[in-house]
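Everything on this sheet refers to the single structure shown next.
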Amino acid sequence: MTRHILIFAACFLVGAVITAALRTAQYDAYAGHAAPTAPAPVVDAPAVPTPAPVAAPSGAVPVNTVCAICGMTVDPKLPTATYQGKTIGFGCRACPPKFAAEPDRYGPSALKNQVVEE
4 MTRHILIFAA
14 CFLVGAVITA
24 ALRTAQYDAY
34 AGHAAPTAPA
44 PVVDAPAVPT
54 PAPVAAPSGA
64 VPVNTVCAIC
74 GMTVDPKLPT
84 ATYQGKTIGF
94 GCRACPPKFA
104 AEPDRYGPSA
114 LKNQVVEE
């Protein structure tokens, strides 16, 4: 019986050593990954900070807070128009062309901060 146990243990150890050797030979640490790349070059001088772009002053502030055409709140990013020497703001991109086509229709309501009744 002791002989059988020794044969079993010897076979087990030989199999374990062979399996470990095969796995080590076939192991690829970078399998499925990109090849390692060279590190980024070292820069001796620090980068010069670039100032953030400053928005150009828009000129005058619109006299209205509500768009006379669409009824939305005036968007300061949109272009403005001048009516009777006063700056008029708009609520959407479709409003400036409408105002340019009929300034006498929308201008008085814009100065009163009201929406034009259709």
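When you line the sequence shown up against this note's numbering, it's residues 4 to 121, in that order. For glycine and all other residues, C-beta sits at the position ideal for the given N, C-alpha and C. For clarity, every value in this text was computed on a predicted model and none was experimentally measured.
Pairwise C-alpha distance: cysteine 98 and cysteine 73: 7 Å
Cβ shell of asparagine 116 (< 7 Å), same chain only, five flanking positions each side left out: Asn67, Thr68 and Val69
Assigned secondary structure, phenylalanine 15 (DSSP; H/G/I helix, E/B strand, else coil): Three-state result, phenylalanine 15: helix.
Sub-8 Å separation of valine 77 and glycine 92 beta-carbons: In this structure, glycine 92 lies closer than 8 Å to valine 77 by Cβ.
Within 8 Å, strictly: CB atoms of tyrosine 109 and alanine 48: no
Boundaries (first-last residue) of the alpha helix (DSSP H) holding alanine 113: 106 to 114
Straight-line Cα distance separating alanine 43 from lysine 101: The alpha-carbon atoms of lysine 101 and alanine 43 are separated by roughly 55 Å.
First through last residue of the beta strand (DSSP E) which encompasses tyrosine 86: 84 to 86
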